[in-house]
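Protein chains: 2
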Amino acid sequence: MRHEQTGFPGKAISGGFHYSAPEQSKTPGNMATAALRMLVTEMMRAIGNPPVPVVLWNGLEISSNDGNAVARLLIRDRGALMKLVSDPELYFGELYSAQRVEVQGNLLEFLDAVYRVWPQHRQSTTEKNLLSPLFDSRRNSLSGARRNIHHHYDIGNDFYQLWLDERMVYTCAYFPDPDASLEVAQLAKMDHVCRKLRLQPGEAVVEAGCGWGALALHMAKYYGVSVTAYNISGEQVAYARQRARAEGLDGKVEYIEDDFRNMRGKFDAFVSVGMLEHVGTEHYLELGQIIDYSLNGNGRGLIHSIGLNFPRHMDTWTERHIFPGACPPSLAQMMAIFEPHDFSVLDVENLRLHYARTLEHWLHRFEENIERVTEMFDQEFVRAWRLYLAGSLTAFKTGGMQLFQVTFARAGQNQIPWTRQYLYEPHGITSGEHHGKL
Amino acid sequence: MRHEQTGFPGKAISGGFHYSAPEQSKTPGNMATAALRMLVTEMMRAIGNPPVPVVLWNGLEISSNDGNAVARLLIRDRGALMKLVSDPELYFGELYSAQRVEVQGNLLEFLDAVYRVWPQHRQSTTEKNLLSPLFDSRRNSLSGARRNIHHHYDIGNDFYQLWLDERMVYTCAYFPDPDASLEVAQLAKMDHVCRKLRLQPGEAVVEAGCGWGALALHMAKYYGVSVTAYNISGEQVAYARQRARAEGLDGKVEYIEDDFRNMRGKFDAFVSVGMLEHVGTEHYLELGQIIDYSLNGNGRGLIHSIGLNFPRHMDTWTERHIFPGACPPSLAQMMAIFEPHDFSVLDVENLRLHYARTLEHWLHRFEENIERVTEMFDQEFVRAWRLYLAGSLTAFKTGGMQLFQVTFARAGQNQIPWTRQYLYEPHGITSGEHHGKL
Numbered sequence: 000m001r002h003e004q005t006g007f008p009g010k011a012i013s014g015g016f017h018y019s020a021p022e023q024s025k026t027p028g029n030m031a032t033a034a035l036r037m038l039v040t041e042m043m044r045a046i047g048n049p050p051v052p053v054v055l056w057n058g059l060e061i062s063s064n065d066g067n068a069v070a071r072l073l074i075r076d077r078g079a080l081m082k083l084v085s086d087p088e089l090y091f092g093e094l095y096s097a098q099r100v101e102v103q104g105n106l107l108e109f110l111d112a113v114y115r116v117w118p119q120h121r122q123s124t125t126e127k128n129l130l131s132p133l134f135d136s137r138r139n140s141l142s143g144a145r146r147n148i149h150h151h152y153d154i155g156n157d158f159y160q161l162w163l164d165e166r167m168v169y170t171c172a173y174f175p176d177p178d179a180s181l182e183v184a185q186l187a188k189m190d191h192v193c194r195k196l197r198l199q200p201g202e203a204v205v206e207a208g209c210g211w212g213a214l215a216l217h218m219a220k221y222y223g224v225s226v227t228a229y230n231i232s233g234e235q236v237a238y239a240r241q242r243a244r245a246e247g248l249d250g251k252v253e254y255i256e257d258d259f260r261n262m263r264g265k266f267d268a269f270v271s272v273g274m275l276e277h278v279g280t281e282h283y284l285e286l287g288q289i290i291d292y293s294l295n296g297n298g299r300g301l302i303h304s305i306g307l308n309f310p311r312h313m314d315t316w317t318e319r320h321i322f323p324g325a326c327p328p329s330l331a332q333m334m335a336i337f338e339p340h341d342f343s344v345l346d347v348e349n350l351r352l353h354y355a356r357t358l359e360h361w362l363h364r365f366e367e368n369i370e371r372v373t374e375m376f377d378q379e380f381v382r383a384w385r386l387y388l389a390g391s392l393t394a395f396k397t398g399g400m401q402l403f404q405v406t407f408a409r410a411g412q413n414q415i416p417w418t419r420q421y422l423y424e425p426h427g428i429t430s431g432e433h434h435g436k437l
Numbered sequence: 000m001r002h003e004q005t006g007f008p009g010k011a012i013s014g015g016f017h018y019s020a021p022e023q024s025k026t027p028g029n030m031a032t033a034a035l036r037m038l039v040t041e042m043m044r045a046i047g048n049p050p051v052p053v054v055l056w057n058g059l060e061i062s063s064n065d066g067n068a069v070a071r072l073l074i075r076d077r078g079a080l081m082k083l084v085s086d087p088e089l090y091f092g093e094l095y096s097a098q099r100v101e102v103q104g105n106l107l108e109f110l111d112a113v114y115r116v117w118p119q120h121r122q123s124t125t126e127k128n129l130l131s132p133l134f135d136s137r138r139n140s141l142s143g144a145r146r147n148i149h150h151h152y153d154i155g156n157d158f159y160q161l162w163l164d165e166r167m168v169y170t171c172a173y174f175p176d177p178d179a180s181l182e183v184a185q186l187a188k189m190d191h192v193c194r195k196l197r198l199q200p201g202e203a204v205v206e207a208g209c210g211w212g213a214l215a216l217h218m219a220k221y222y223g224v225s226v227t228a229y230n231i232s233g234e235q236v237a238y239a240r241q242r243a244r245a246e247g248l249d250g251k252v253e254y255i256e257d258d259f260r261n262m263r264g265k266f267d268a269f270v271s272v273g274m275l276e277h278v279g280t281e282h283y284l285e286l287g288q289i290i291d292y293s294l295n296g297n298g299r300g301l302i303h304s305i306g307l308n309f310p311r312h313m314d315t316w317t318e319r320h321i322f323p324g325a326c327p328p329s330l331a332q333m334m335a336i337f338e339p340h341d342f343s344v345l346d347v348e349n350l351r352l353h354y355a356r357t358l359e360h361w362l363h364r365f366e367e368n369i370e371r372v373t374e375m376f377d378q379e380f381v382r383a384w385r386l387y388l389a390g391s392l393t394a395f396k397t398g399g400m401q402l403f404q405v406t407f408a409r410a411g412q413n414q415i416p417w418t419r420q421y422l423y424e425p426h427g428i429t430s431g432e433h434h435g436k437l
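Chains A and B are the protein sequences, given in the same order.
Residues in the first sequence are numbered consecutively from 0, following numbering that gives the first Met the number 0.
Residues in the second sequence are numbered consecutively from 0, following numbering that gives the first Met the number 0.
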């Protein structure tokens, strides 16, 4: 939906903005130019003065920084500028998607320059709540979670197949070396998780939020465990069940289309990869209770989640348009899952650079399939997803987002690894005889 | 200081304790026996009914648990029983030290049986504060910290030399395998820390709480860095300076007898091994500020500390008699150091079983030198330290205490290891040519 654009210079800034023009610029045209210059300068100052000149619809170029410009920001109409000035975090994404702002130059370099200086990411949760009245209505209650997950994950398996790896793993991969392929890295990630959990043949594993089912299949196939996997995305569960049948693993893996909060039974291990971001910190006590209830006396678990260095909300645009209800936790916030139940945290690994690399692969494949994506959706969708993938890549690269893998066990459980050495020794699955089969 | 013991059966339990004696036991002696039985049963129930029969001064044996007894608890006088009933956590240590209670059988097996069932370790910080009016007066202000540290660390280097390793490292070791010697394991711990910090020759390191100086010397000698090390224990600093001179490293290592809060300068790395336990959670914001101020743009750090699965206080006896002011944090509490300053936590490793093993070595050496320790101090000191070492060993073994090594870096710092593989590859210092020299 496009907003009407006014062609009258100066109109949009009347009523509120007061500017004393210098003597020599008393014509209305000059006043507007000076005012526009001041508005843009203010806006750029608010986002930390990245080395990015701004070019307006009328050709006016404003550069508030003497550094080497990595790209230029083109603002195509006055209404777009007003929106950017009022809330750049929310409106940049909307206006970029609608082609009302454009980045001239490399989008990743532009985002890198902006993310490195923009102080918005230092805004605390409390401040943000005041600014975001919609926030509460999107909470992850049982029905809210289902609606939120449907928004992102049920837009078509065909779409995700265009740019994910062949196993459809839509979470951070683990690259044994940075040049590994995405396929090898997703396989290595699943092994890394299984080995951290020290899965033994015959054990029972419960998975909360199983995506298209790849990890559950991997655990059953290569580690000989039985898996009960929960997911509230109908499209993902249908796909996962089909794959389990095709691989003859439907006796070992049960996919349940339900909320993890309805989980039942006792298990040796709990695993959740890429679900916690959607749970919401206010539900962590409940999540911990469910894990506590689900695990037997020898139980242990692993949670893999996007995280933050300190509590804050996802940027407004991503939260509103891409991932409704998403709320990555800080490590202290994550501890609210474990501490009330006397779980021991055994290991935390931060893999943020691996997520940046994963997103490089996804973005590359997305761009390679750009014509197909445009046919499936439209130009606005393409631009929104390009910005989401590129923005996430940049956030992981510049340290604005983290990826935490947290391994935990019951307090008195001494069947824990003596050191982490074993995780770094060659083993059969990714480096040996199994590898060729996959 | 011994408390007067009353020899009058029944007196100590009058005024508050009401017991309806059965018909056949109406003599005062019988009443007292039944009442004693009930008191002991109550006390044992309160600590979770460990499989430990209790034997009283008069030969009465009370067993509230049918399990296999691992040891018997002998209570030598009525006053001791009353104290145990009123506050077993505080008084067990005092009475054990004074030989008014005795463990008949293996002390470690006794403690293991008790710690596994005793619900006291589930007591929250809030509840404990109410019970511990002395707590506030022992806080770690600049002067309080100095007094508290003096209490434990300045009781004589000669004493610690009897049972620590040759380098006088009084923190959890890292055993590459469980059978490694204590000497090898302390060396491996120092290397593990240095490698996690990725120290490079010529860099400047600041150490907060340096003990007898071994890590600072190790970093300077094998990693070529310059070290500024803070400690408020006068005896430790004197010893450390002497060793630095003896090894010709006094140009590379500066030991400063001062509180870390007075730290000045800019450094490439911050390291603190075994100090955080003495800082107190209320000072973590300040600690984080000091780290933030001390680290340059490429800065990173490591904090190695005893920790807990959830916030609670050290047991009252240890806090009062062994480690005044000690307050190990939960992981969520530790995050109060990092989160306000946008530090990224890169790695957390829980080494609790390594601390249990370290304490086994210390306890063994302590017992081997028991005559010498008794000459230096007295029987009460010997028993208090035996209980402290054995109790700590048991807490780490049964999951009541944790040992966290937390590695962190500035948020935008991308000079971080791609994986942790490098930590598990052979290197020159503990496995190669350097090893023979140490």
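Glycine included, C-beta positions come from ideal geometry on N, C-alpha and C.
field: Same chain, Cβ closer than 7 Å to GLU88(A), five either side skipped, listed in chain order
entry: GLN119, ASP314, THR315, TRP316
task: Please classify ILE415(B): does DSSP put it in a helix, a strand, or coil?
output: coil
Every unbroken beta strand (DSSP E) inside the region 262-347 of chain B [3 residues or more]: 266-272, 294-306
field: Neighbour-count burial assignment, PRO132(A), 16 or more Cβ in a 10 Å radius
entry: Caution is warranted here: a pLDDT of 34 is assigned to PRO132(A), below 50, making its placement in the model unreliable, and the coordinate value is therefore given only provisionally. It is exposed - the Cβ of PRO132(A) has fewer than 16 other Cβ atoms within 10 Å.
Nearest residue (CA-CA) to CYS209(B), options GLU182(B), MET42(B), GLU234(B): GLU234(B)
query: Looking at the structure shown, is PHE259(B) part of a helix, part of a strand, or coil, going by DSSP?
result: helix
query: Between the region 319-332 of chain A and chain B, which residues of the former have a C-beta closer than 9 Å to a C-beta of the latter?
result: SER329, LEU330, ALA331, GLN332
- prompt: If you draw a straight line from the alpha carbon of SER63(B) to that of GLU374(B), how long is it in whole angstroms?
  reply: 39 Å
message: Quick check on DSSP: helix, strand or coil for LEU59(B)?
response: coil
Spatial distance of HIS217(B) from PHE403(B) (CA atoms): 21 Å
task: Determine which residues of the region 338-349 of chain B have a Cβ less than 9 Å from any Cβ of chain C, and write them out in chain order.
output: No chain C is present in this structure, whose protein chains are A and B.
- prompt: What did DSSP end up calling GLN23(B) once you bin it into helix, strand or coil?
  reply: Because the pLDDT of GLN23(B) is 46, which lies under 50, any placement of that residue in the model is unreliable, and the number read from its coordinates should be weighed accordingly. GLN23(B) falls in the helix class under three-state DSSP.
field: PHE403(A) - DSSP class collapsed to helix/strand/coil
entry: strand
message: To the nearest angstrom, how far is the alpha carbon of LYS127(A) from that of LEU307(A)?
response: Caution is warranted here: a pLDDT of 41 is assigned to LYS127(A), below 50, making its placement in the model unreliable, and the coordinate value is therefore given only provisionally. Each residue's alpha carbon lies about 15 Å from the other.
task: Mind checking which residues open and close the alpha helix (DSSP H) that includes ALA70(A)?
output: That residue, ALA70(A), is in no alpha helix (DSSP H); its beta strand (DSSP E) goes 70-74.
query: Under 8 Å between C-beta atoms, does TYR283(B) make it to chain A?
result: no
Other residues of its chain near PHE158(A): CB distance less than 8 Å, five sequence neighbours each side excluded: VAL372, MET375, PHE376
message: For a contact defined as C-beta to C-beta under 7 Å, what are the partners of ALA410(A) on chain B?
response: ASN308, GLY398
message: Mapping the DSSP letters down to three states, classify GLU424(A) as helix, strand or coil.
response: coil
message: Please classify ALA462(B) as buried or exposed, where buried requires at least 16 neighbouring CB atoms within 10 angstroms.
response: Nothing can be reported for residue 462(B): it is not among the residues displayed for chain B, which extend from 0 to 437.
As assigned by DSSP and simplified to three states, the class of ARG137(A): With a pLDDT of only 47 at ARG137(A), under the threshold of 50, the placement of this residue in the model should not be trusted, and no figure is reported.
message: So, with DSSP's three-state summary, where would you put ASN368(B)?
response: coil
message: Taking the beta strand (DSSP E) that VAL205(A) belongs to, which residues open and close that run?
response: 203-207
task: State yes or no: is the C-beta of GLN414(B) within less than 8 Å of the C-beta of ASN297(B)?
output: yes
query: Do the region 180-188 of chain A and the region 274-288 of chain A make contact, defined as three or more Cβ pairs closer than 8 Å?
result: no
- prompt: Closest to ARG197(B) by CA distance: which of GLU93(B), ALA172(B), GLY212(B), GLY223(B) is it?
  reply: GLY223(B)
task: Please list the partners that PRO177(A) has in chain B, where partner means a Cβ-to-Cβ separation under 9 Å.
output: TRP417
query: Starting from ALA383(B) and walking both ways along the alpha helix (DSSP H), at which residues does that stretch end?
result: 378-396
- prompt: Is PHE409(A) helix, strand or coil by DSSP?
  reply: Residue identity differs from the one stated: residue 409(A) is Arg in this sequence, not Phe. Looking at ARG409(A) - three-state DSSP - the assignment turns out to be strand.
- request: Can you have a look at ALA237(A) and say buried or exposed, based on whether 16 or more other CB atoms are within 10 angstroms of its CB?
  value: exposed
task: Return the residues of the region 186-203 of chain A that lie within a Cβ-Cβ distance of less than 7 Å from chain B, sorted by chain order.
output: none
query: Who are the neighbours of ASN295(A) on chain B, taking C-beta pairs under 9 Å?
result: Correct list: empty, because the minimum Cβ distance to chain B is about 16 Å.
Contact list for ARG115(A) against chain B, beta-carbon separation under 7 Å: GLY411
field: Pick from LEU330(A), THR170(A), MET334(A), ASP341(A) that is closest to GLU359(A), judged by C-alpha positions
entry: THR170(A)
task: Between the Cα of ARG166(A) and those of VAL183(A), MET262(A), PRO177(A), spot the shortest distance and give me the residue it belongs to.
output: VAL183(A)
message: Taking a contact to mean a Cβ-Cβ separation below 8 Å, would you say VAL69(B) touches ASN105(B) in this structure?
response: yes
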